[in-house]
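Below: one structure, written as structure tokens.
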Amino acid sequence: MAVAFDEMNIPGGELRPAYEELARWLKETPPEALEYRRQEAELLFRRIGITFAVYGEAESTERLIPFDVIPRIMSGKEWTLLEKGLKQRVRALNMFLRDIYHGRDILRAEIVPDDLIFQNPVFRPEMNGQQVPHDVYVHIAGIDIVRVDANDFIVLEDNARTPSGVSYMLENREIMMRLFPDLFARHRVAPVERYPDELLSALRSVAPQSTSGEPTVALLTPGVYNSAYYEHSFLADKLGIELVEGSDLIVKNNEVFMRTTEGLKRVDVIYRRVDDDFLDPLTFRPDSVLGVPGLMSAYAAGNITLANAVGTGIADDKAIYSYMPDIVRFYLGEEPILKNVPTWRCREPKDLAYVLDNLGELVVKEVHGSGGYGMLIGPAATKATIEAFREKLKREPEGFIAQPTLALSTCPTCTASGLAPRHVDLRPFVLTGSKGTTVVPGGLTRVALKEGSLVVNSSQGGGTKDTWILDE
Amino acid sequence: MLSRTAESLYWLARYVERAEYLARTIDATLRVTALPAAYIGKTNEWDSALLTAGVAASFYQTYEEANEHNVVDYLSFSANNPSSIRNCIESARLNSRSVRTALTSEMWDTINSAWIDLQAVWSKGTSTREDLAKFLRFVQETSLRFDGSAYRTMLRNDAYWFSRLGLHLERADNTARILDVKYHVLLPEEEHVGGPLDFYQWSSILRSVSALTAYHWVYRETLKPWLVADLLILNSTLPRSLASCYDNLTRNLDQIGVAYGRQGPAQRHARGIRNRLEHSNMNDIFQHGVHEFIQEFITDNSRLGEIITKQYLI
């Protein structure tokens, strides 16, 4: 694998401009001081209770995501380009979803194959012909971005269902500002704190027509045992909306109400952090206790807005991913600003043959997987793992895609042996309401803390960093 | 507010109050049992600690003998005892997590830190008396900090009132239970004039509701059983008396009623109990039978809990 692009250091000893001030500061700061503040940060995280749960672990059901105190810095110019690309991509995602559940022009134009939609378990026939306010399906998108050189931003994955992580973007910044006021004073860092306000106004802007007066917004969580529960409560708090569980809601005459100490109160918009499958036991999984019986009929009647809409999974599916550049061109008539990772679709025999021949160099992902589970990283895998994967691939090729192993960019990171480069990615959060699409300057930077590791997922030992966009 | 949120706030306050009460009970029992047997008589004080905590039956399913080691372990740390101090703090934190949006950061920090300490410092229980004393102080301080931060940082709206309802309902229950178990030493017709034996029993009762000093300020007298009963039942200046708890319960329920523009069975039931306390005097109570009076109160008090739940929390 090639030497990774480092976001701070240029080979030969020079620094990229965005990092110059940080480098000076690091030189002036003794390592003990850095270590002390690192420990302080960890203490703060634990006290505030910023934890997540890892499924399948009996021990330590609540864990901290390791936080790295060295910020990841991007210049304003880089951000402007990225922001433009993100808005373009999310506009296209929304138009694609509107089309798939209505006219299906893109299928008729044979840009995307029919069976990829209709035989896909995340396609929701319930949504056919369903109007959603202002044609917004994906109100909150988390687009995973990686870099391999100074010029391009590459989309690794679109998250159009219930993307999480934004609480880390906000809390990481809070903690950095508390612990490193001196470092902030030397930079002009674009603030991220208006995210909750923008989210709330986006959610209010898509309230159904039958809303009377100010729309009531609520956040629907699966409950305290969900891995992202902290984030749900954090956001509900920042937005000043009720954090509801399925049992708090009831559907009557196709309207949704929450049970309050003063009786039933109508809800107009639900920011739901519950997957489609669990939303309504009458429509989807009958065994779900997380959902609200009758929610989908209230939705069909147009009395409730769900954010994100039902059925958005069809847009962030890994099999659809490889068509995204064409999807952008089809709806917007523009060249995509953000690149895609070259992707082999194992459902196509020619691609499959290539993948099977090159398993040792490729990353193979399950089309419907997430969280870094069920994937093969060829260069890091043992012979036996590769062979086992080969069998899986042959059995069900349509369940997989393959991509080259990317040399993700690196950023300086605190390690046991001092600062060292570690691989990172970035998840910015893109909001869409009736008035268009916005992106708060920043996002969640995830960092693979193990030397050489490319897996940044928090469930597999990844950490996070504060992401600074310089305001120039 | 969401019924579930109100319910969690209510139970959160109850669990914290209960944890403190258990700590005080253990503390008071340790003091009494440290005295020579001649001063405390033949009663097993650890047994009555179990009774006042309302867990005697379940205790004897696991243990044979009610001694210091077993009872302290069961009341403080046992995972099998749903209302052990440890489980109270665990439940308090679980409730806090599910209503974080309704708590101030100070309240959350108190409960979360206590929960962290419980695991970091007290996961193996206590091995020495000093350790135990430290633990009991930690529990009482947690409750004081929680109560103080609620008082100082919460908005005065329904979230605050529901949390207060939980606290006062639990507190009334706890005070009533001590009286229920110890009422026999408070009966005036037993012709003692304050022998050493009863003196320590009375002071132990007062200590477990942190009212020993208060007694002297209120009555300026040596300990007399009917005055102890008067203080704990009828004296509304003592925060842990039944009368004071019901002053608070009616006030908080009325505030909810005003804010919501509507009264209900909870308000009426609480007012009924309060009126009865207000128009009672110790003579009548003794004549009617202290034990009967207390038992009736305990039933009425838990009935109020049910009515509040039905009216607001589900």
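Taken in sequence, the protein lines are chains W and P.
Residue numbering for the first sequence follows numbering that gives the first Met the number 0, starting at 0 and increasing by one per position.
Residue numbering for the second sequence follows numbering that gives the first Met the number 0, starting at 0 and increasing by one per position.
Virtual Cβ for every residue (Gly too), placed ideally from N, Cα, C.
- [ ] Could you list the residues in the segment 250-279 of chain W with a C-beta less than 8 angstroms from some C-beta on chain P, going in chain order?
- [x] Going along the segment 250-279 of chain W in chain order, one finds M257, R258, T259, T260 and E261 with a Cβ nearer than 8 angstroms to chain P.
Task: Closest Cα partner of R185(W) within the set E27(W), E20(W), V243(W) and F388(W) - done: For the purposes of this step, residue 185(W) is taken as residue 186 along the first sequence, with counting starting at 1. Checking every option, the nearest Cα to that of R185(W) belongs to E20(W).
TODO: Under 8 angstroms by Cβ, that's how I've got I269(W) and L305(W) pegged, so tell me the actual separation to the nearest angstrom.
DONE: The residue you call residue 269(W) lines up with position 270 of the first sequence. The residue you call residue 305(W) lines up with position 306 of the first sequence. About 5 angstroms separates the two Cβ atoms, so the contact holds.
- [ ] Kindly list, in the order they appear in chain P, the residues whose Cβ is closer than 7 angstroms to that of D247(W).
- [x] Within the first sequence, the letter at position 248 stands for residue 247(W). Going along chain P in sequence order, the residues near D247(W) (Cβ under 7 angstroms) are L1 and R3.
TODO: On the DSSP bridge assignment, give the partners of E254(W) in chain order.
DONE: The sequence position of residue 254(W) within the first sequence is 255, counting from 1. E254(W) pairs with K251(W).
Open item on the list: I'd like to know whether the C-beta of T121(P) is nearer than 8 angstroms to at least one C-beta of chain W.
Closed with: Along the second sequence, read from residue 1 onward, the residue named residue 121(P) stands at position 122. Looking at the sequence provided, one finds Trp at residue 121(P) rather than Thr. By this cut-off, W121(P) is not an interface position.
Task: Distance CB(A228(P))-CB(L248(P)) smaller than 8 angstroms - done: Counting from 1 along the second sequence, the entry for residue 228(P) is found at position 229. Counting from 1 along the second sequence, the entry for residue 248(P) is found at position 249. Result no, Cβ atoms of A228(P) and L248(P) do not sit closer than 8 angstroms.
TODO: Would you mind telling me which residues of chain W sit closer than 9 angstroms to R96(P), beta carbon to beta carbon, in chain order?
DONE: Mapped onto the second sequence, residue 96(P) falls at position 97. What R96(P) touches in chain W: G48, V223, Y228, Y229 and S232.
Task: Bridge-paired residues (DSSP) for L426(W) - done: As a working mapping, residue 426(W) is identified with position 427 in the first sequence. Inspection of the sequence shows that residue 426(W) is occupied by Arg rather than by Leu. BP columns for R426(W) point to L443(W).
- [ ] Would you mind giving the Cβ-Cβ distance between N225(W) and A300(W), rounded to the nearest angstrom? I have them listed as a contact below 8 angstroms.
- [x] In the first sequence, the residue the question calls residue 225(W) occupies position 226. In the first sequence, the residue the question calls residue 300(W) occupies position 301. About 28 angstroms; that fails the 8 angstroms criterion.
Open item on the list: The beta strand (DSSP E) that contains W24(W), what's its start and end?
Closed with: Mapped onto the first sequence, residue 24(W) falls at position 25. Segment E19 to E27 is the alpha helix (DSSP H) holding W24(W); no beta strand (DSSP E) there.
- [ ] For R90(W), count neighbouring Cβ atoms within 10 angstroms of its own Cβ and tell me buried if that reaches 16, exposed if not.
- [x] Looking up residue 90(W) in the first sequence gives position 91. By the 10 Å Cβ count, R90(W) comes out buried.
- [ ] Provide the residue span of the alpha helix (DSSP H) that contains V217(P), from first to last.
- [x] Within the second sequence, the letter at position 218 stands for residue 217(P). Element bounds for V217(P): L211 to Y218.
TODO: State yes or no: is the beta carbon of E244(W) nearer than 8 angstroms to at least one beta carbon in chain P?
DONE: To locate residue 244(W), count along the first sequence from 1; it is residue 245. For E244(W), the answer is yes, since a Cβ of chain P falls inside 8 angstroms of its Cβ.
Open item on the list: Does F117(W) pass the burial test, meaning 16 or more other C-beta atoms within 10 Å, or should it be called exposed?
Closed with: On the first sequence, residue 117(W) is found 118 positions in, with the first residue counted as 1. So F117(W) counts as exposed.
- [ ] Could you tell me which chain P residues have their CB closer than 8 angstroms to the CB of D236(W), listed as they occur along the chain?
- [x] Position 237 of the first sequence holds residue 236(W). Residues of chain P passing the Cβ test: R99 and T100.
Open item on the list: Between E213(W) and chain P, is the shortest Cβ-Cβ distance under 8 angstroms, so that the two count as touching?
Closed with: In the first sequence, counting from the first residue as 1, residue 213(W) sits at position 214. Not a single CB atom of chain P sits nearer than 8 angstroms to the CB of E213(W).
- [ ] Round the Cβ separation of H133(W) and S433(W) to the nearest angstrom and send it over; I've been treating them as touching at under 8 angstroms.
- [x] For the purposes of this step, residue 133(W) is identified with residue 134 of the first sequence, where counting begins at 1. For the purposes of this step, residue 433(W) is identified with residue 434 of the first sequence, where counting begins at 1. Going by Cβ atoms, the distance from H133(W) to S433(W) rounds to 4 angstroms, so yes, they are a contact pair.
Task: Distance CB(N80(P))-CB(S57(P)) smaller than 8 angstroms - done: Here residue 80(P) refers to the residue found at position 81 when the second sequence is read from its first residue. Here residue 57(P) refers to the residue found at position 58 when the second sequence is read from its first residue. When the beta-carbon positions are compared, N80(P) and S57(P) come within less than 8 angstroms of each other.
Task: Beta-carbon proximity list for S162(P), same chain, < 8 angstroms, skipping 5 on both sides - done: Translated into the one-based positions of the second sequence, residue 162(P) becomes position 163. The answer, listed in chain order, is L8, Y9, L11, A12, A149 and M153.
Open item on the list: Rounded to whole angstroms, what is the Cα-Cα separation between E6(W) and V354(W)?
Closed with: For the purposes of this step, residue 6(W) is identified with residue 7 of the first sequence, where counting begins at 1. For the purposes of this step, residue 354(W) is identified with residue 355 of the first sequence, where counting begins at 1. C-alpha separation (whole angstroms): 31 angstroms.
Task: Within chain P, the residues that E241(W) reaches when beta carbons sit closer than 9 angstroms - done: As a first step, residue 241(W) is located in the first sequence; it is residue number 242 there, counting from the start. Going along chain P in sequence order, the residues near E241(W) (Cβ under 9 angstroms) are M0, L1, T4 and T100.
- [ ] With distances taken Cα to Cα, identify the nearest neighbour of L233(P) among V257(P), R219(P) and S279(P).
- [x] By one-based count along the second sequence, residue 233(P) stands at place 234. Nearest of V257(P), R219(P) and S279(P) to L233(P), Cα basis: S279(P).
TODO: Could you name each continuous alpha helix (DSSP H) segment of 4 residues or more that falls completely within the segment 37-110 of chain W, going from the start of the chain to the end?
DONE: 75-99 and 104-107
- [ ] Label S209(W) either buried or exposed according to how many other C-beta atoms from any shown protein chain fall within 10 Å of its C-beta, with 16 as the threshold for buried.
- [x] Looking up residue 209(W) in the first sequence gives position 210. It counts as exposed.
Task: Reference D379(W); option with closest CA among K393(W), P120(W), L405(W) and E192(W) - done: Counting from 1 along the first sequence, the entry for residue 379(W) is found at position 380. The question names Asp, but residue 379(W) is Ala in the sequence shown. That would be L405(W), whose Cα lies nearest to the Cα of A379(W).
Open item on the list: If you reduce the DSSP assignment to three classes, tell me which class I336(W) lands in.
Closed with: Translated into the one-based positions of the first sequence, residue 336(W) becomes position 337. It is coil, neither helix nor strand.
- [ ] Identify the contact partners of R45(W) in chain P, using a Cβ-Cβ distance below 9 angstroms as the criterion.
- [x] Translated into the one-based positions of the first sequence, residue 45(W) becomes position 46. Neighbours of R45(W) on chain P, chain order: N111 and I115.
Open item on the list: For W107(P), would you say it is in contact with chain W, using Cβ-to-Cβ distances shorter than 8 angstroms as the test?
Closed with: Translated into positions along the second sequence, residue 107(P) becomes position 108. A Cβ of chain W is located within less than 8 angstroms of the beta carbon of W107(P).
Open item on the list: Taking only three categories from DSSP, how would you classify F399(W)?
Closed with: Mapped onto the first sequence, residue 399(W) falls at position 400. Of the three classes helix, strand and coil, the one that applies to F399(W) here is strand, per DSSP.
Task: C-beta contact flag for A159(W) and L92(W) at 8 angstroms - done: Taking the first residue of the first sequence as 1, we reach residue 159(W) at position 160. Taking the first residue of the first sequence as 1, we reach residue 92(W) at position 93. Contact: yes.
Task: Rounded C-alpha distance that separates E58(W) from R88(W) - done: Here residue 58(W) refers to the residue found at position 59 of the first sequence. Here residue 88(W) refers to the residue found at position 89 of the first sequence. Residue placement at E58(W) is flagged as unreliable, the pLDDT there being 44, under the threshold of 50; a coordinate-derived value is accordingly withheld.
Open item on the list: I want to see whether chain W comes within less than 8 angstroms of D157(P), judged by CB atoms only; does it?
Closed with: As a position in the second sequence, residue 157(P) is number 158, starting the count at 1. At least one chain W Cβ lies under 8 angstroms of D157(P).
TODO: Kindly provide the ranges of any beta strand (DSSP E) runs that are 3 or more residues long and lie completely inside the segment 219-307 of chain W, ordered along the chain.
DONE: Look at the segment 219-307 of chain W and you find these whole runs of beta strand (DSSP E), each 3 residues long or longer: 241-243, 248-251, 254-259, 262-265, 268-271 and 304-306.
Open item on the list: Applying the 10 Å Cβ sphere with the 16-neighbour rule, what's the burial state of T436(W)?
Closed with: Along the first sequence, one-based indexing puts residue 436(W) at 437. Its Cβ being crowded by 16 or more others within 10 Å, T436(W) is buried.
Open item on the list: What does the alpha-carbon distance come out to for the pair I25(P) and V138(P)?
Closed with: Translated into positions along the second sequence, residue 25(P) becomes position 26. Translated into positions along the second sequence, residue 138(P) becomes position 139. Their backbone Cα atoms lie some 11 angstroms apart in a straight line.
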